[in-house]
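Residues -23 to -1, 1 to 215 in mature numbering (1 follows the signal peptide of the UniProt record, and there is no 0) are what the sequence shown spells out, letter by letter. All remarks here apply to the structure that follows.
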Amino acid sequence: MKPARPALLAISVLMLCACSVPTAPNAVSSLDTLLPHPTGRSNATQVNSGPDVSLGVIYSPSTQANRQYLRDYQANAGTGFGQSLLVQPIHDAYVASSSPDRAVEWVNASLQRQFGSVTVYPDMQSLRAAKPDVVAIVDTHSQLITSRSSDIRAEVSADFYDAQLNYIGTAKGSEARELTPVWADFKRSEEIVADINQQEDVQVQALREFDRSLGNLVARPVEKVSMLDSQQVQDLYR
């Protein structure tokens, strides 16, 4: 029996892996879920920040669904026949490029550099009871490679409200790329891994754009340094 060619084996394994990869959930606006009836728009055009300002954070239902999608994506990467042969580099690329916590950890670190205290609340009722100075609803959405599409996208945003839940503004970032099908029969396993790794780069670029948008929205320059400074965060996900 003739041994299988490595490139063909990689493609066969990849196709089997991709079939079990979940598809991205639909993005849902935070305004349609947590705040169906906003009280109005704040007179402020920028968000007050600094060491004396407290920020209350809520993760939108879309963010929670997105994190579960990424967990499922990781859990399904590399499963199926051929896993013990050539799938390990592909499996590792799938896992490394789909961290469920990358976006929320990055956003939290960015917010900690701007505000005196940042507290994540499980629901709007708990947040309202705490009465923080500023409220942020964090929304994230990812679209990763599947067996049907190699189009990848990452979006992250934070809608800011004052203490009375009047809308102030939004910091946001997004990035998208259209790749050739990763399962194309002319690609070597190294090329497949390189394509999959672009998923992480797309997410990082969206987060860097979010940081720039956040910097333009806050009323004062950075006054508080978080446990992870900006360079460390960028190095962590480079």
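Glycine is no exception: its CB is placed at the ideal position from the N, C-alpha and C atoms. The model shown is predicted, which means the values in this text are computed figures rather than measured ones.
Item                                                                                                  : Value
Assumed close pair Val81, Thr117 - CB separation to whole angstroms, cut-off 8 Å                      : 7 Å
Cα-Cα separation, Ala113 to Glu177                                                                    : 25 Å
At least three beta-carbon pairs within less than 8 Å, the stretch 131 to 146 to the stretch 23 to 42 : yes
First through last residue of the alpha helix (DSSP H) which encompasses Val133                       : Counting along the chain, Val133 falls outside any alpha helix (DSSP H), though it belongs to the beta strand (DSSP E) covering Asp128 to Asp139.
Three CB pairs or more closer than 8 Å across the stretch 125 to 136 and the stretch 150 to 157       : yes
Close beta carbons around Tyr36, own chain, < 6 Å, minus the five adjacent residues each side         : Val115
Three-way DSSP call (helix, strand, coil) for Phe187 in this model                                    : helix
For Asn20 and Thr123, the rounded distance between their alpha carbons                                : 44 Å
Alpha-carbon to alpha-carbon, Val159 and Ile173                                                       : 8 Å
Short Cβ contact (7 Å threshold) for Gln89 with Val95                                                 : yes
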